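Respectively, the protein sequence lines represent chains F and C.
Per numbering that gives the first Met the number 0, the very first residue in the first sequence carries number 0; after that it's consecutive.
Per numbering that gives the first Met the number 0, the very first residue in the second sequence carries number 0; after that it's consecutive.
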Amino acid sequence: MRILGHKPSLSAWIGILIVGAFIAAAIFAPFIAPFTESEKVAKTWSPPTSEFLLGADNIGRDLFSRMVYGARTTIGVALATTILSFIIGLSLGLWAAVGGKLVDQVLSRFVDVMLSIPLLVFALIILSMFGSSIPTLIITIAILDSTRVFRLSRAVAMNLVVLEYVEAARLRGEGLWWIMRREVLPNAMPPMISEFGLRFCFNFLFVAGLSFLGLGIQPPLADWGGMVRDNGKAISFGLLAPLWPAMAIAAMTVGVNLVVDWILSINARPSGASAEM
Amino acid sequence: MTDNILKIRNLRIEAISGAVLVDDVSLELRPGEVLGLIGEGGAGKSTIGLASMAYARAGCKITGGTVEIEGQNIRAISADGRRKVRGEHIAYVAQSAAASFNPAYRIIDQICEMPVLHGQMNKTDARAWAIELFRALDLPNPEKFGERYPHQVSGGQLQRAMAAMAMSCKPEILVFDEPTTALDVTTQIEVLALIKKLIREFHTAALYISHDLAVVAQVADRIMVLRGGKTVEIGETAQVLHEPKTDYARALVAERKAADKISTHRAVAHENAILTVSDAVGLYESFVAVKNVSISVARGETVAVVGESGSGKSSLARLIVGLLPRSSGSVKFDGQELSPALKDRPRDQLRRIQLIYQQPDVALNPRQTIGEIIGRPVEFYFKKSPAEVAERVRSLLNQVGLPEDYAKRLSTALSGGQKQRICIARALAAEPDIIICDEPTSALDQLVADEILKLLGRLQEELGVAYLFITHDLGIVRRISHRTAVMLRGELIADGPTAEVFALPFHPYTERLLSSVPELRIDWLDEVLTKRKAEA
């Protein structure tokens with residue numbers, strides 16, 4: 000079977016399966032989960048039974064159902080964040096590369112300042128100031144993350160704007176918007192797509208991390224980072240409750256990375272055509 | 000009859016995509032003999048050169064045949080065994096010396112590395128031998144030359160240093176892969192003479208790879224003509240030059256001969272100038288790239304600007320189109336003064352001056368279809384409807400000799416010549432008065448380049464467009480230009496009708512330039528060198 004015109008390797012298949020399973024869980028959550036994410040159905044930390052597949056959590060909600068709904072919030076928030084971050088970072092990165100020295104200096108130095116402040120500290124300050132609703136969470140992480148996207152897209156675009164087809168467009172008298180959108184962007188896509196996978200992983204871990212600290216997604220919404228925190232104490236009673244969401248976080252990260260590695264290898268693979276005769 | 004020192008039998012090389020790069024090629028080399036490999040890009044010359052050391056580039060694979068060096072099939076032995084043979088018995092001189100030296104080490108250290116590694120000499124002997132090689136190669140101040148870093152010497156000197164590196168283990172066979180192609184003509188002649196001397200002095204056998212028949216004719220005893228990975232013809236140099244047996248070899252020879260003549264042009268009145276540059280000065284930071292250059296181009300006229308690399312000819316083109324800011328002087332287009340900066344020029348002025356680049360590969364956006372590329376100027380300058388644009392694209396494709404259905408394709412799969420045709424179509428789409436051609440054929444093979452020149456000539460007759468043609472190739476100048484300007488270090492040293500510039504009395508530099516262009520005669524190199532020695 001071929002995906003995007005290429006044959007996935009074995010590790011890529013594993014990654015595609017993991018990511019596909021979680022995304023399916025996120026989309027079809029209400030049909031898969033036997034209970035809703037907030038109803039109390041059992042005693043605190045009841046052990047797994049045939050009814051409660053993974054047992055219950057710290058206040059007696061079905062862990063399996065919360066895992067399924069958790070996929071929805073955690074992956075959804077991370078995805079929305081990454082998309083927004085790419086819209087901001089990519090357009091500013093291209094603008095910096097195409098728009099001339101002054102634009103580049105102003106944008107780049109501003110980003111340098113942003114980058115000099117530790118990400119987590121920055122996020123904690125903003126979220127404690129504005130409170131952590133899902134929109135603030137997404138916008139905050141997206142803006143912070145877009146600085147990284149900016150750096151890469153600017154570097155990629157810088158190598159493209161010196162090419163003669165871009166010069167030809169300038170000589171024709173084309174405006175900045177055309178040059179960014181039609182000449183540079185399509186050629187910057189391959190590295191940016193693999194970067195998207197990587198940034199998604201970081202954002203996903205970051206959302207989970209913030210939730211673990213209590214500043215991310217708020218109860219009663221289920222999310223994997225928050226579930227690790229809520230059930231953390233169970234570990235001292237020898238219960239597996241906090242390990243399920245932790246494992247989901249790990250599996251999702253590994254899965255996305257396997258897919259990204261494969262996408263990167265497509266871009267880097269030497270082809271017969273590129274070898275000089 | 001001595002034994003063959005290198006014997007290649009039924010060599011077959013494939014790319015991983017499955018394409019056959021070299022198909023059933025056999026050759027042999029006697030001690031001290033030079034075999035020239037000639038062919039166009041993609042003929043498999045370099046691939047064969049590397050395969051003679053049982054080496055294949057990334058993406059290629061030797062899939063059949065034997066390579067025997069001194070009776071030993073080196074394809075059959077271990078990688079360690081091959082490593083011993085390479086360098087000691089056979090060595091390689093690449094096209095780009097600058098890319099082959101490590102910029103972080105002194106030249107002499109890189110040259111001594113090989114004999115020491117192969118256990119042939121100790122470090123002191125290796126240094127002494129390297130200095131001797133520098134002397135044999137006429138490098139300035141041979142005792143001190145090696146102490147320099149690669150970026151501190153000129154391109155021609157570095158190419159010679161690379162020949163010294165290849166000779167450092169005294170191999171019996173050398174493989175020269177276009178060693179002079181990247182050099183200017185006046186440097187090429189020196190390097191060529193020294194390579195010839197080196198091969199004779201040390202009685203080394205050599206494979207000499209080149210696309211220029213005239214260059215190969217100077218050094219090779221025999222010539223092998225290759226095309227598409229297959230042997231077309233092999234024979235003594237004189238026989239291939241004078242009585243080629245195959246049609247393809249005949250075409251190559253005829254094409255190369257045409258470059259040596261000045262063609263007779265229909266006259267074009269030099270009044271009615273469309274472009275007039277007067278006393279223009281162009282600066283890169285504080286470096287003066289263009290010094291007080293004055294030149295004019297009339298409607299429908301071809302003006303060639305020739306010079307070697309660094310002479311400022313491309314800078315002149317960039318100054319005219321507004322990419323290189325001019326600090327003084329004036330550029331007038333159709334009577335109007337052109338603003339020095341690109342962004343201050345009105346759209347109509349931009350439309351009427353078009354540029355064609357040297358590398359068609361990077362001049363076309365790989366993510367746009369050919370229809371989009373050619374159609375954009377039509378849409379942009381003339382505000383035509385999509386249907387009118389499509390119609391115009393079809394007629395432009397016809398005009399440059401490409402099929403109409405190319406409009407929907409991407410340019411990436413096309414050959415260099417076809418890509419250059421698309422660049423020409425894009426320039427024509429703007430209906431310009433003048434097209435500035437910056438070495439438009441130097442990245443192309445001879446026969447393809449010839450087609451492009453013919454196309455440009457035909458378009459000029461049909462549309463009356465003027466060309467400012469920037470080139471280092473005097474053969475092209477003589478064939479296509481009405482007027483010629485010669486540039487040297489940013490200055491214009493000669494300017495006039497082509498026949499006059501290339502007739503006595505010459506400017507000394509023009510003469511040097513002219514006499515350095517290889518001619519298709521076996522004894523040309525010796526003749527020129529003897530003549531120059533007599534003059535000096």
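Built from N, CA and C at the ideal position, the CB exists for glycine as well.
Values in this document were obtained by computation on a predicted structure and should not be read as measured data.
Counting only Cβ pairs nearer than 8 Å, list the residues of chain F close to residue i.
{"i": "C:PHE379", "result": "ARG171, GLY172, GLU173"}
Which chain C residues sit within Cβ distance under 8 Å of residue i?
{"i": "F:PRO287", "result": "There is no way to answer for residue 287 of chain F, as the model of chain F reaches only from 0 to 276."}
{"i": "F:ALA167", "result": "LEU354, TYR356, ALA362, ARG425"}
Any C-beta of chain C sitting closer than 7 Å to the C-beta of residue i?
{"i": "F:LEU162", "result": "yes"}
{"i": "F:ASN158", "result": "no"}
{"i": "F:LEU263", "result": "no"}
Since residue i meets chain F, which of its residues come closer than 7 Å, beta carbon to beta carbon?
{"i": "C:ARG346", "result": "GLY172"}
{"i": "C:ASN9", "result": "Within 7 Å Cβ-Cβ: nothing; C:ASN9 doesn't reach chain F, min ~19 Å."}
{"i": "C:LEU349", "result": "LEU170, ARG171, GLY172"}
{"i": "C:PRO439", "result": "The contacting residues do not exist; C:PRO439 stays about 12 Å from chain F at best."}
Kindly list, in the order they appear in chain F, the residues whose Cβ is closer than 9 Å to that of residue i.
{"i": "C:PRO365", "result": "TYR164, PRO185, ASN186"}
{"i": "C:PRO376", "result": "ARG171"}
{"i": "C:LEU341", "result": "ARG169, LEU170, GLY172"}
Can you check whether the C-beta of residue i is within less than 7 Å of a C-beta belonging to chain F?
{"i": "C:TYR356", "result": "yes"}
{"i": "C:VAL33", "result": "no"}
{"i": "C:MET0", "result": "Residue placement at C:MET0 is flagged as unreliable, the pLDDT there being 43, under the threshold of 50; the coordinate-derived value follows with that caveat. With 7 Å as the cut-off, C:MET0 does not count as an interface residue toward chain F."}
{"i": "C:VAL115", "result": "no"}
{"i": "C:LEU26", "result": "no"}
{"i": "C:VAL214", "result": "no"}
{"i": "C:VAL320", "result": "yes"}
Mind pulling the alpha helix (DSSP H) runs of 4 or more residues that sit fully within the segment 78–133 of chain F? 100–115, 118–129
Could you run through the segment 182–194 of chain F and flag, in chain order, every residue whose CB is less than 7 Å away from some CB of chain C? GLU182, PRO185, ASN186
Just checking, does the segment 112–122 of chain C make contact with the segment 143–161 of chain C on the three C-beta pairs under 8 Å criterion? no
Kindly provide the ranges of any beta strand (DSSP E) runs that are 3 or more residues long and lie completely inside the segment 416–449 of chain C, ordered along the chain. 433–437
Which runs of the beta strand (DSSP E) at least 3 residues long sit entirely within the segment 69–133 of chain C? Give them in chain order. 89–92
Check whether the segment 227–239 of chain C touches the segment 413–427 of chain C, taking contact to mean three or more Cβ pairs, one atom from each stretch, closer than 8 Å. no
Ignoring anything shorter than 3 residues, give me the beta strand (DSSP E) runs that lie fully in the segment 213–284 of chain C, in order along the chain. 221–226, 229–235, 272–283
Do the segment 346–358 of chain C and the segment 386–404 of chain C meet, that is, are 3 or more Cβ pairs less than 8 Å apart? no
Counting Cβ pairs closer than 8 Å, one from the segment 460–474 of chain C and one from the segment 425–443 of chain C, do we hit at least three? yes
For the 8 Å Cβ check, are there 3 or more pairs between the segment 89–100 of chain C and the segment 167–184 of chain C? yes
Can you give me, in chain order, the residues of the segment 235–253 of chain C that have a beta carbon less than 7 Å from any beta carbon in chain F? none
Are the segment 58–74 of chain C and the segment 191–204 of chain C in contact at 8 Å, needing three or more beta carbon pairs? no
Would you say the segment 215–227 of chain F touches the segment 22–37 of chain F, given that touching needs at least three Cβ pairs under 8 Å? yes
Below 8 Å, how does it come out for the segment 195–212 of chain F and the segment 114–124 of chain F: are there three or more Cβ pairs, yes or no? yes
As an exercise, report each continuous beta strand (DSSP E) stretch of at least 3 residues that is fully enclosed by the segment 331–398 of chain C, in chain order. 352–355
For the structure I just gave you, are there three or more beta carbon pairs, one from the segment 492–507 of chain C and one from the segment 312–319 of chain C, closer than 8 Å? no
Across the segment 19–35 of chain F and the segment 181–189 of chain F, are there enough close Cβ pairs to call them in contact, namely three or more that are closer than 8 Å? no
Counting pairs of beta carbons, one from the segment 196–209 of chain F and one from the segment 392–407 of chain C, are three or more of them closer than 8 Å? no
Please specify which runs of the alpha helix (DSSP H), each continuous and at least 4 residues long, are wholly inside the segment 293–329 of chain C, giving them in chain order. 312–320
Could you check whether the segment 79–96 of chain F touches the segment 253–261 of chain F, counting it as contact only if at least three pairs of C-beta atoms, one from each stretch, sit closer than 8 Å? no
Pairs of beta-carbons, one from the segment 274–288 of chain C and one from the segment 452–461 of chain C, closer than 8 Å: are there three or more? no
Indicate whether the contact test is met: 3 or more Cβ pairs, each with one atom in the segment 42–50 of chain C and one in the segment 238–255 of chain C, closer than 8 Å. no
Within the chosen definition, does the segment 432–442 of chain C reach the segment 394–411 of chain C through at least 3 CB pairs nearer than 8 Å? no
Segments of 4+ residues assigned as alpha helix (DSSP H) that fall wholly inside the segment 28–56 of chain F: 28–31
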